[in-house]
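J.:
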Amino acid sequence: MPGWRIALWAVLVLAALLFLWLVRGVLLPFVLALVIAALLEPGVRWLRLRGMSRRMAVYLVATGFFGALIGAGLWAAPNVARQVSSLSGAAQDLTRGIVEEGRDDNFFVRWNPVVQQRQQTGATGRIDEMLSRYSRQLEGLGLPSSRRALMDTYVRKNRSKVAGFVQGAFDSLFGVLTNMFSQLFVVLLVPLLVLMILLDMDNFRRRTPRWIPPAIRQSTLGVARDIGDVFFRYLRGISIVVALYGLAQTVLMLVMHVPYALLLGVLFAGLYLIP
């Protein structure tokens with residue numbers, strides 16, 4: 000193959016990559032549609048091997064998938080909204096509790112035996128009890144060995160910074176959740192793109208070889224086929240594992256009555272992808 004043709008193809012590939020980079024802001028529905036189509040293609044192929052036409056197989060598999068997804072969304076949406084509202088209130092209370100000094104922590108009242116008894120039996124008393132077990136080791140390391148010393152050393156002088164960090168973290172989480180529910184364009188476009196990709200998959204496979212120069216067509220198709228098989232199998236496998244892991248965690252936390260079970264299930268599923 001002449002050198003100028005290789006250079007031309009390299010320029011075309013670089014131009015395509017540059018174009019994708021420039022339009023990366025609108026690629027989300029197309030990427031999601033490609034991932035879902037890769038997940039559903041084995042089901043379509045299985046139905047076709049049993050005599051069903053591709054169009055009917057695509058409609059049947061897509062209807063089942065999106066029907067299950069819509070049903071799960073209708074069940075989860077009210078619970079997620081309620082948990083987000085509750086978590087927002089808890090975040091505000093936590094931030095307020097960090098910024099404002101507690102009534103029982105005031106120097107003029109904490110000598111009172113009633114206040115001391117209340118602290119002994121409350122959450123602060125349990126924290127002091129836990130720290131007292133390791134007081135010798137903590138003091139040896141130069142670390143606070145009581146709740147009040149911990150507050151005086153690290154929290155009280157940095158209240159505003161800690162409160163700002165906590166509030167910023169929760170605001171970021173709420174922003175992500177709000178954006179997820181506000182992407183109506185993506186929700187409407189993805190199913191249409193999935194149907195188009197699945198229905199035109201055979202035509203795409205037949206037309207693709209024509210785009211490759213004849214001199215390198217066979218070798219390129221062989222390499223692309225191997226890479227595509229490995230990539231899409233990995234994609235299907237990791238998607239199924241993440242979905243099952245998140246579902247198992249959510250069900251377990253719902254059974255154990257853990258607060259914010261649905262939000263934690265989504266969080267754990269996302270963290271599962273991190274090595």
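The end of the sequence shown is residue 274 by numbering that gives the first Met the number 0, with every number in the run present. Glycine is no exception: its CB is placed at the ideal position from the N, C-alpha and C atoms. Source: prediction; values computed, not measured.
Count the CB pairs spanning the stretch 190 to 210 and the stretch 31 to 38 that are closer than 8 Å, and state whether there are at least three.
T.: Cβ pair count under 8 Å is three or more, so yes.
J.: So, at 8 Å on beta carbons, what are the nonlocal neighbours of Ser84 in its own chain, with the 5 sequence-adjacent residues on each side left out?
T.: If we look at Ser84 and ignore the five residues flanking it on each side, it has no Cβ neighbours.
J.: Report buried or exposed for Gln136, applying the criterion of at least 16 other Cβ atoms within 10 angstroms of its Cβ.
T.: Exposed, because fewer than 16 other Cβ atoms sit within 10 Å of the Cβ of Gln136.
J.: Quick check on Leu60: does DSSP put it in helix, strand or coil?
T.: Correcting the residue type first, residue 60 is Val in the shown sequence and not Leu. Residue state, collapsed to three classes: helix.
J.: State yes or no: is the C-beta of Leu253 within less than 9 Å of the C-beta of Gln82?
T.: It is not a contact, given that the beta carbons lie outside the stated cut-off.
J.: Buried or exposed for Gly264, going by 16 or more other Cβ atoms inside 10 Å?
T.: The residue is buried, with at least 16 neighbouring Cβ atoms inside 10 Å.
J.: Express the C-alpha separation of Ser134 and Val22 in angstroms, rounding to a whole number.
T.: C-alpha separation (whole angstroms): 58 Å.
J.: Can you tell me the Cα-Cα spacing of Val241 and Leu11, whole angstroms?
T.: Rounded to whole angstroms, Val241 to Leu11 spans 36 Å at the Cα level.
J.: Please go through the same chain and pick out, in chain order, the residues whose beta-carbon is closer than 7 Å to the beta-carbon of Gly269, but skip the five residues on each side of it.
T.: Cβ neighbours of Gly269 beyond the five flanking positions: none.
J.: In this structure, how does DSSP classify Arg49 when only helix, strand and coil are distinguished?
T.: Coil at Arg49, not helix or strand.
J.: My assumption, with CB atoms under 8 Å, is that Pro212 sits in contact with Leu220. Please give the rounded CB distance.
T.: Between Leu220 and Pro212 the Cβ distance is about 12 Å, and since that is not below 8 Å, they are no contact.
J.: Going by C-alpha distance, which of Gly50, Val30, Leu198, Ile237 is nearest Ile273?
T.: Checking every option, the nearest Cα to that of Ile273 belongs to Ile237.
J.: Determine whether the beta carbon atoms of Val43 and Val30 lie at a separation below 9 Å.
T.: Contact flag unset, no.
J.: Helix, strand or coil for Leu140, going by three-state DSSP, please let me know.
T.: Coil at Leu140, not helix or strand.
J.: Using beta-carbon positions only, say whether Leu46 and Ala56 come within less than 9 Å of one another.
T.: Yes, these two residues count as a Cβ contact at 9 Å.
J.: Rounded to the nearest angstrom, what separates Leu251 and Leu142 at their Cα positions?
T.: Each residue's Cα considered, the two are about 37 Å apart.
J.: Compare the beta carbon distance of Arg54 and Met200 with 9 Å and say whether it is the shorter of the two.
T.: Against a cut-off of 9 Å, the Cβ pair of Met200 and Arg54 comes out as no contact.
J.: Mind listing, in chain order, the continuous beta strand (DSSP E) runs of no fewer than 3 residues lying wholly within the stretch 182 to 222?
T.: Whole beta strand (DSSP E) segments, 3+ residues: zero.
J.: So Tyr271 and Tyr244 are in contact, right, with Cβ under 8 Å, and what is the actual spacing, rounded?
T.: With a Cβ gap of about 5 Å, Tyr271 and Tyr244 count as contacting.
J.: So for Met255, helix, strand or coil by DSSP?
T.: If DSSP states are grouped into helix, strand and coil, Met255 belongs with coil.
J.: How should Ala260 be labelled, buried or exposed, when 16 other C-beta atoms within 10 angstroms of its C-beta is the threshold for buried?
T.: Label assigned to Ala260: buried.
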